[in-house]
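Student: Quick one: this structure, given as structure tokens, is what I'll be asking you about.
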Amino acid sequence: MIDIHSHLIFNVDDGPSTIKESIEMLACAEKLGIKHIITTPHFIGNIFNGDKVENNFQELINETRDGQIKIHLGYEVFLEPSILNIQKEGRDLTLNNTGYMLIEFPNGEIPEYSIDTVFKLQLNNITPIIAHPERKRIFVNNLQMLVEWINRGCLIQVDAASVIGVYGFTVKNFTKKLIKKG
361 MIDIHSHLIF NVDDGPSTIK ESIEMLACAE KLGIKHIITT PHFIGNIFNG DKVENNFQEL
421 INETRDGQIK IHLGYEVFLE PSILNIQKEG RDLTLNNTGY MLIEFPNGEI PEYSIDTVFK
481 LQLNNITPII AHPERKRIFV NNLQMLVEWI NRGCLIQVDA ASVIGVYGFT VKNFTKKLIK
541 KG
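Structural data, given as structure tokens:
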């Protein structure tokens, strides 16, 4: 199994506080049968700390070389027009240097620029993967809107916590509906 959305890098945004906790998380993932994890710290243009992410990621790699799980770097990218320029400048925001980018829409409304930004990513051979749409009320209340994004060529990723009900009954039911629909 491959985990493509994980806040595993220590001392970075939603990740654990210490490298010890990161290693403990890896041990739990290994017990679940995960073979690869793409770490996905948040990338929000003007508040990103790239050096810290990359240094802590490298330290984690060095500490876990003997482990069974392979760790890769990616980002959970907050969708905004500036990501197009960042990509052009040479910073790869994709999952493990692939043609896939994990994107997150803001809570609430989907900004008008989103369609154009996603289209331009696709013109650059990047397939957007919408992060946890089951946790976005706008999609829960309007499945057809999510289907439209899928029809535009986006993929979706749901959280395991959503499947088991951590975010409540409504999110759990919507997640199961998405899984059943494939």
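Going left to right, the sequence shown walks through residues 361 to 542 as our numbering numbers them. Cβ coordinates follow ideal geometry from the N, Cα and C atoms, glycine included. Source: prediction; values computed, not measured.
#1: Going along the chain, which residues of its own chain have a beta-carbon closer than 8 Å to the beta-carbon of ASN485, five neighbours each way excluded?
#2: Between GLU419, ASN456, LYS412 and LEU483, which has its C-alpha nearest ARG512's C-alpha?
#3: Output the boundary residues of the alpha helix (DSSP H) element that contains TYR473.
#4: Pick out whichever of THR477, GLU472 and GLY468 has its Cα sitting closest to the Cα of ARG497.
#5: Just how far apart, CA to CA, sit ASN416 and LYS541?
#6: If we call anything under 8 Å between Cβ atoms a contact, is TYR527 one with ALA521?
#7: Just reading off the alpha helix (DSSP H) that VAL413 is part of, what are its end residues?
#8: Suppose you measure from the CA of GLY434 to the CA of ILE524; what does that come to, to the nearest Å?
#9: Using a Cβ-Cβ cut-off of 8 Å (strictly less than) and excluding sequence neighbours within five positions of HIS365, which residues of its own chain qualify?
#10: Buried or exposed for ILE443, please, with buried defined as at least 16 other CB atoms from any protein chain shown within 10 angstroms of its CB.
#11: Would DSSP call GLU381 helix, strand or coil?
#12: How is the alpha helix (DSSP H) around ILE443 delimited, first residue to last?
#13: If you run the structure through DSSP and keep just helix, strand and coil, what is LEU515?
#14: Which term fits ALA389, buried or exposed, when burial requires 16 or more other beta carbons within 10 angstroms of its beta carbon?
#15: What are the partner residues of THR488, as DSSP defines its beta bridges?
#16: On a CA-only basis, which of VAL531, GLY375, ASP452 and PHE370 is nearest PHE495? Give me that one, please.
Tutor: Here's the rundown:
#1: If you number the sequence shown from 1, residue 485 lands on position 125. Here the set comprises GLY459.
#2: Taking the first residue of the sequence shown as position 1, residue 512 is located at position 152. It is LEU483 whose Cα lies nearest to the Cα of ARG512.
#3: The count along the sequence shown starts at 1 and reaches residue 473 at position 113. Here the alpha helix (DSSP H) through TYR473 covers 473 to 483.
#4: Counting from 1 along the sequence shown, the entry for residue 497 is found at position 137. Among THR477, GLU472 and GLY468, the Cα nearest to that of ARG497 belongs to GLY468.
#5: One-based indexing of the sequence shown puts residue 416 at position 56. One-based indexing of the sequence shown puts residue 541 at position 181. Going by the C-alpha atoms only, they are around 38 Å apart.
#6: Position 167 of the sequence shown holds residue 527. Position 161 of the sequence shown holds residue 521. Yes. Within cutoff.
#7: Indexing the sequence shown from 1 puts residue 413 at position 53. VAL413 -> alpha helix (DSSP H) spans 410 to 423.
#8: Counting from 1 along the sequence shown, the entry for residue 434 is found at position 74. Counting from 1 along the sequence shown, the entry for residue 524 is found at position 164. Their Cα atoms are separated by approximately 25 Å.
#9: Numbered from 1 along the sequence shown, position 5 holds the residue referred to as residue 365. ILE398, THR400, GLU436, LEU462, ALA491, HIS492, GLN517 and ASP519.
#10: The residue you call residue 443 lines up with position 83 of the sequence shown. Per the 10 Å Cβ criterion, buried.
#11: As a working mapping, residue 381 is identified with position 21 in the sequence shown. Helix.
#12: By one-based count along the sequence shown, residue 443 stands at place 83. Segment 442 to 448, the alpha helix (DSSP H) holding ILE443.
#13: Locating residue 515 in the sequence shown gives position 155, where the first residue counts as 1. In this structure, LEU515 counts as strand in the three-state DSSP scheme.
#14: One-based indexing of the sequence shown puts residue 389 at position 29. Buried, since its Cβ has 16 or more Cβ neighbours within 10 Å.
#15: Taking the sequence shown and counting its residues from 1, the one referred to as residue 488 is at position 128. Note that residue 488 is Pro in the sequence shown here, rather than Thr. Its beta-bridge partners are MET461.
#16: As a working mapping, residue 495 is identified with position 135 in the sequence shown. What sits at residue 495 in the sequence shown is Arg, not Phe. Comparing Cα positions, the closest option is VAL531.
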